[in-house]
Amino acid sequence: EDGLFEIDEILGNIFVKRPLDYETNQKTVLNITAANKKTAPFYETSTLLTVHILDENDNAPQFNQKQYFAELDVDSPLGTLVITVNASDRDQGNNCMIEYFLSPDMPNNCFMIENVKDGRIITAGKLDPGEINITVFVKDKGSPSLNSSASVILNVIQKDDPYPTFSPNELSTDLKKNEISSSPIYTVSAKNTSGHNITYRIVDGNEGGEYGLMTIFIYNN
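For the sequence shown, this note's numbering begins at 508 and goes up steadily by one.
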């Protein structure tokens, strides 16, 4: 069939003419005849030979992308999903059963595969802002096992907090009775990450007008 096989017409030995590919054809049925043509009358009979092609681990699993991109906030809690990668294997049986794992050279153990069978990459440590290149592998359970890799480019971002914060959060100072001074009795300080300028005002506790506030502009470059 298709010139894949040939038969010795005298001995009946059947040979394979070229390598067979399980992924192309898992089974071939050969129709074989035997004939007596030396003397008359001529007699001929036939039989079917089913050839089952056994799978060989000749295909490495492949990711559906060679490069993935993801973005994550720097303050994401442990166990946050980074991305789910996907791979497949053209072989059959154990040869197509795959598992995912990360490069052992990953710094700081910041990431892990949540389940080796589903390709979910999650956070496992504190992140720093910037770009991180994560190398992820997939391997099959064939013998010998075959594997391939892909990269995940993760952009860890520092989101701006629009609210300024006082440092420290709780403030206190001592003031003598009847003390009046042109010098500040206390200097409050706040900061933000948004880059916006900060102004101050007294919103409560100064109903009698005992206190004044000198407004200071802080320019964030």
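For each residue, glycine too, the CB sits at the ideal point set by N, CA and C.
Taking all protein chains shown into account, do 16 or more other C-beta atoms lie within 10 angstroms of the C-beta of residue i, making it buried, or fewer, making it exposed?
{"i": "V523", "result": "exposed"}
{"i": "E578", "result": "exposed"}
{"i": "K646", "result": "buried"}
{"i": "E508", "result": "Any reading at E508 needs caution, since the residue's pLDDT is 48, under 50, leaving its predicted position unreliable; the model's value is listed next. Result: exposed."}
{"i": "L555", "result": "exposed"}
{"i": "F644", "result": "buried"}
{"i": "N662", "result": "exposed"}
{"i": "V581", "result": "exposed"}
{"i": "I605", "result": "buried"}
{"i": "I628", "result": "buried"}
{"i": "L518", "result": "exposed"}
{"i": "V634", "result": "In the sequence under discussion, the amino acid at residue 634 is Leu, which differs from the Val named in the question. Answer is buried; the Cβ neighbour count reaches 16."}
{"i": "N728", "result": "Model confidence at N728 stands at a pLDDT of 48, short of 50, so the residue's coordinates are unreliable; what they give is reported in the following sentence. Result: exposed."}
{"i": "F576", "result": "exposed"}
{"i": "N713", "result": "exposed"}
{"i": "L653", "result": "buried"}
{"i": "F618", "result": "buried"}
{"i": "F673", "result": "exposed"}
{"i": "F549", "result": "exposed"}
Out of the options, which has the shortest C-alpha to C-alpha gap to residue i?
{"i": "T706", "options": "V695, N564, I628, M619", "result": "V695"}
{"i": "K534", "options": "D562, I605, P548", "result": "D562"}
{"i": "S671", "options": "I687, I517, K698, T557", "result": "Looking at the sequence itself, residue 671 is Pro, so the reference to Ser does not match. If we check each option's Cα against that of P671, K698 comes out closest."}
{"i": "I514", "options": "K683, I539, R525", "result": "I539"}
{"i": "P636", "options": "N616, T587, S583, T557", "result": "S583"}
{"i": "L609", "options": "C603, I641, Y550, Q599", "result": "I641"}
{"i": "I560", "options": "E686, N616, F673, D598", "result": "D598"}
{"i": "K624", "options": "P651, G632, C603", "result": "C603"}
{"i": "P651", "options": "T546, N566, K545", "result": "N566"}
Using a Cβ cut-off of 7 Å (strictly closer), state whether residue i contacts chain C.
{"i": "S553", "result": "In the structure shown, chain C does not exist; there is a single protein chain."}
From the DSSP secondary-structure annotation, give me the bridge partner or partners of residue i.
{"i": "D647", "result": "I605"}
{"i": "G637", "result": "V663"}
{"i": "E578", "result": "N662"}
{"i": "F673", "result": "A697"}
{"i": "I539", "result": "T554"}
{"i": "K534", "result": "H559"}
{"i": "I629", "result": "L588, M619"}
{"i": "F512", "result": "V523"}
{"i": "A594", "result": "F570"}
{"i": "T642", "result": "S658"}
What is the C-beta distance between residue i and residue j, in whole angstroms, given that I count them as a contact (C-beta under 8 Å)?
{"i": "D450", "j": "P568", "result": "Nothing can be reported for residue 450: it is not among the residues displayed for the chain, which extend from 508 to 728."}
{"i": "N520", "j": "G649", "result": "That belief does not hold up - the Cβ atoms of N520 and G649 are roughly 31 Å apart, past 8 Å."}
{"i": "I660", "j": "E638", "result": "7 Å"}
{"i": "G626", "j": "N601", "result": "Going by Cβ atoms, the distance from G626 to N601 rounds to 19 Å, so no, they are not a contact pair."}
{"i": "L511", "j": "R525", "result": "7 Å"}
Considering only the beta carbon of each residue, do residue i and residue j sit closer than 7 Å?
{"i": "I620", "j": "Y607", "result": "yes"}
{"i": "S658", "j": "Q572", "result": "no"}
{"i": "T630", "j": "L682", "result": "no"}
{"i": "G632", "j": "N616", "result": "yes"}
{"i": "A541", "j": "T531", "result": "no"}
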